[in-house]
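Visitor:
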Amino acid sequence: MLLTITTTHVPATDLGYLLHKNPARLQSFSASFGRVHVFYPEASEQRCTAALLLDVDTVGLVRGRRGENRALEQYVNDRPYVASSFLSVALAQVLREAMSGRSKERPELALEALPLRARLTMVPCRSGEAFLRRLFEPLGYELTAQNELLDETFPQWGPSPYFTIELKATVRLSDLLSHLYVLIPVLDDEKHYWVGDDEVDKLLRHGAGWLPAHPEREVIVSRYLRRQRHLMRAAVEQLTRDEAPDADEVEAAHDAEEAAVEKPLSLHEQRLATVQNVLKASGARRVLDLGCGEGRLLRMLIKDKQFEEIVGMDVSHRCLQIANERLQRLPPMQQARVKLLQGALTYRDERLRGFDAAAIVEVIEHLDPARLAAFSRAVFEFARPATIVITTPNAEYNVQWESLPAGKMRHKDHRFEWTRAEFEAWSKEVAARFGYAVNFAPIGPEDEEVGAPSQMGIFTNN
Ligand code: SAH
């Protein structure tokens, strides 16, 4: 059984850091079912392929099992050759760090979607190619499947239930490995070991972020857990329970609460209009909306032809989906000027380079204070647009809102809310560090004592 993973991300040999396996060496590991070998058939700057070869010891597997009759079938079977749950065991054992998205040397790359191609030999799939497609295509893979003949010397015997498949996508390596971890045993449908309660945990852990929304969720759960009804029930229950407090939905609910608190002022509309005016006045043609949420600012910017290229980025897949659906309703010419990216603002991102201006509206207060330094480097040092507009609530103003209990923040996901002095101190420090000038302006009606509900910093470096 052979799995190869190829990347064309440059430098491609970084794949070695992500897998925690040196491209220059062959490494072998013992597993319960035999040996696992990791090696690199190719490793150049442009293209690097890692291979995971499972050498299954069928005899060893059968030997020592007391009380079982050693039928020939135990020795003569497809187990040594097919992609099976042994692959999942090997992934979890040999590529544990990579699966969990950790990399000591390349922590940012581990979280980045990369051009990847996985090739798997002898994937058993009795339900045929259509089922393979139903499993992998909803996850964004381009799938090529080649059906193997039962026996090359007797083509008249027809096709076997085995496929060699290739999966291609721009995806995080850890996500690709999690998808394989869960779906290979689902395809094999013949799990080698006892399925116990901890299998439900493993399924939920490795299915986090994609299984709850997968259209074949029920089939995947049922097959992964070997159709053991009580486990299936437990898993489906947890998957659907997890759906309710889905991070994005909580976010949406909290947004609604925040909107309700701020509504009498229709503050958000004022805020977006103010930001749009600042972007326009800066003369920017290519603009970023970082933490674009559901894309309200994007839809405003698109109406103005000055903005020739508009890119929205957010970490939330759900928000981007909503943004995308709303953008689809615009005329095609307008749609063509806007692009959505998924990404985190706390990592440097090549895709954000070369823009004239960036808007970051009501986003920084969602970041963990410990990540603010990473955020300012990613935006001010790496993306480095000439103009950066940041807005954030003014905590002093909170006393003005009757519906907001004293000492509470406006939104449950806010990690902090700054006073004007705090925001200004942070902004000046960042501006000085990265060579920008900064000016401040209030957003919304100003109170003499506590100021306006929102505050804006306009950073320029020209
Ligand atoms: N700018 C939008 C949304 C503000 S809500 C508006 O004004 O309407 C905050 C947004 O920041 C959310 O959509 C959230 O998903 C996003 N966000 C939070 N942390 C982020 C991060 N680290 N990287 C990118 N986006 C992030």
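Following the numbering used here, the numbering of the sequence shown begins with 915 at its first residue and continues without gaps. Ideal Cβ positions, reconstructed from N, Cα and C, are used throughout, including at glycine. Quick caveat, the model's predicted, so the values are computed rather than measured.
1) Count the other CB atoms, across all protein chains shown, that sit within 10 Å of the CB of glutamate 1157; report buried if there are 16 or more and exposed otherwise.
2) Looking only at its chain, what residues have a beta carbon closer than 6 angstroms to the beta carbon of glutamate 956, apart from the 5 residues adjacent to it on each side?
3) Note the first and the last residue of the continuous beta strand (DSSP E) segment covering serine 942.
4) Residue range of the alpha helix (DSSP H) that serine 1088 falls in?
5) With the cut-off set at 8 angstroms, would you say serine 1368 and asparagine 1312 are in Cβ contact?
6) Where does histidine 1328 fall in DSSP's three states?
7) Just to check my reading of the structure: alanine 945 and valine 1003 have Cβ atoms closer than 8 angstroms, yes? What is that Cβ distance to the nearest angstrom?
8) Give me whichever residues DSSP pairs with isoleucine 1302 in a beta bridge.
9) Would the segment 1030-1047 count as touching the segment 946-955 if we require 3 or more Cβ pairs under 8 angstroms?
10) Check the C-beta distance from aspartate 1102 over to serine 998 and give it rounded, since I have them as a contact under 8 angstroms.
11) Does any heavy atom of the ligand SAH sit closer than 7 angstroms to the C-beta of arginine 1210?
12) Going by the DSSP bridge assignment, what does cysteine 1206 pair with across the sheet?
13) Please give me, in chain order, every unbroken run of the beta strand (DSSP E) with length at least 3 that falls completely inside the segment 1226-1275.
14) Which of the three DSSP states, helix, strand or coil, is assigned to alanine 1320?
15) Return the residue from the list Ala1012, Leu1053, Asp1270 and Leu1097 that minimises the CA-CA distance to aspartate 1203.
16) Between threonine 1374 and valine 1133, what straight-line distance do the alpha-carbon atoms span, to the nearest angstrom?
17) Go to leucine 1057, then tell me how far its beta strand (DSSP E) extends in each direction, as first and last residue.
18) As a quick exercise: from Ala1272, Leu1259 and Phe1221, pick the residue whose alpha carbon is nearest that of valine 1229.
19) Please state if the CB of valine 1275 and the CB of arginine 1334 are separated by a distance shorter than 8 angstroms.
20) Taking all protein chains shown into account, do 16 or more other C-beta atoms lie within 10 angstroms of the C-beta of arginine 980, making it buried, or fewer, making it exposed?
21) Taking buried to mean at least 16 other C-beta atoms within 10 Å of its own C-beta, is methionine 915 buried or exposed?
22) Quick one: what's got a C-beta closer than 6 angstroms to glutamate 1363's C-beta in the same chain, skipping five residues either side?
23) Just how far apart, CA to CA, sit proline 1075 and asparagine 1238?
24) What distance in whole Å lies between the Cβ atoms of serine 1196 and threonine 1301, which are believed to be in contact at a cut-off of 8 angstroms?
25) Apart from the five residues just before and just after aspartate 1263, which ones in its own chain have a Cβ nearer than 6 angstroms to its Cβ?
Guide: Reading it off the structure:
1) The residue you call residue 1157 lines up with position 243 of the sequence shown. For glutamate 1157, the pLDDT reaches just 46, beneath the cut-off of 50, and the residue's location in the model is therefore unreliable, leaving the point undetermined.
2) The count along the sequence shown starts at 1 and reaches residue 956 at position 42. Answer for glutamate 956: Thr963, listed in chain order.
3) Counting from 1 along the sequence shown, the entry for residue 942 is found at position 28. 941-945 is the extent of the beta strand (DSSP E) around serine 942.
4) On the sequence shown, residue 1088 is found 174 positions in, with the first residue counted as 1. Element bounds for serine 1088: 1087-1102.
5) As a position in the sequence shown, residue 1368 is number 454, starting the count at 1. As a position in the sequence shown, residue 1312 is number 398, starting the count at 1. No, the pair does not count as a contact, with Cβ atoms beyond the cut-off.
6) For this step, residue 1328 is matched to residue 414 along the sequence shown. Here histidine 1328 sits in coil by DSSP.
7) Taking the sequence shown and counting its residues from 1, one reaches residue 945 at position 31. Taking the sequence shown and counting its residues from 1, one reaches residue 1003 at position 89. Yes, they are in contact, since the Cβ atoms of alanine 945 and valine 1003 sit about 6 angstroms apart, within 8 angstroms.
8) Numbered from 1 along the sequence shown, position 388 holds the residue referred to as residue 1302. In the DSSP output, where bridge partners are listed per residue, isoleucine 1302 has Ala1272 and Phe1373.
9) no
10) Within the sequence shown, the letter at position 188 stands for residue 1102. Within the sequence shown, the letter at position 84 stands for residue 998. Indeed, because the Cβ distance is near 4 angstroms, the residues count as touching under 8 angstroms.
11) Taking the first residue of the sequence shown as position 1, residue 1210 is located at position 296. Arginine 1210: yes, Cβ under 7 angstroms from the ligand SAH.
12) Here residue 1206 refers to the residue found at position 292 when the sequence shown is read from its first residue. Bridge partners of cysteine 1206: none, in fact.
13) 1252-1256 and 1271-1275
14) Within the sequence shown, the letter at position 406 stands for residue 1320. In the structure shown, alanine 1320 sits in coil (DSSP, three-state: anything other than H, G, I, E or B).
15) Translated into the one-based positions of the sequence shown, residue 1203 becomes position 289. Among Ala1012, Leu1053, Asp1270 and Leu1097, the Cα nearest to that of aspartate 1203 belongs to Asp1270.
16) Within the sequence shown, the letter at position 460 stands for residue 1374. Within the sequence shown, the letter at position 219 stands for residue 1133. Computed Cα separation, rounded: 54 angstroms.
17) Here residue 1057 refers to the residue found at position 143 of the sequence shown. Taken as a continuous stretch (DSSP letters only), the beta strand (DSSP E) holding leucine 1057 covers 1056-1063.
18) For the purposes of this step, residue 1229 is taken as the residue at position 315 of the sequence shown. Ranking the options by Cα distance to valine 1229, first place goes to Leu1259.
19) Here residue 1334 refers to the residue found at position 420 of the sequence shown. Here residue 1275 refers to the residue found at position 361 of the sequence shown. No, the Cβ-Cβ distance between arginine 1334 and valine 1275 is not below 8 angstroms.
20) Within the sequence shown, the letter at position 66 stands for residue 980. The predicted model places arginine 980 with a pLDDT of 47, which falls under 50 and marks its position as unreliable; any figure quoted below should be read in that light. Label assigned to arginine 980: exposed.
21) Translated into positions along the sequence shown, residue 915 becomes position 1. So methionine 915 counts as buried.
22) Position 449 of the sequence shown, counted from the start, is the residue given in the question as residue 1363. Excluding sequence neighbours, glutamate 1363 sits near nothing in its chain.
23) Counting from one through the sequence shown, the residue named residue 1075 turns up at place 161. Counting from one through the sequence shown, the residue named residue 1238 turns up at place 324. If I take the Cα positions, the gap works out to 39 angstroms.
24) Position 387 of the sequence shown holds residue 1301. Position 282 of the sequence shown holds residue 1196. Going by Cβ atoms, the distance from threonine 1301 to serine 1196 rounds to 4 angstroms, so yes, they are a contact pair.
25) Here residue 1263 refers to the residue found at position 349 of the sequence shown. Result list for aspartate 1263: Gly1257, in chain order.
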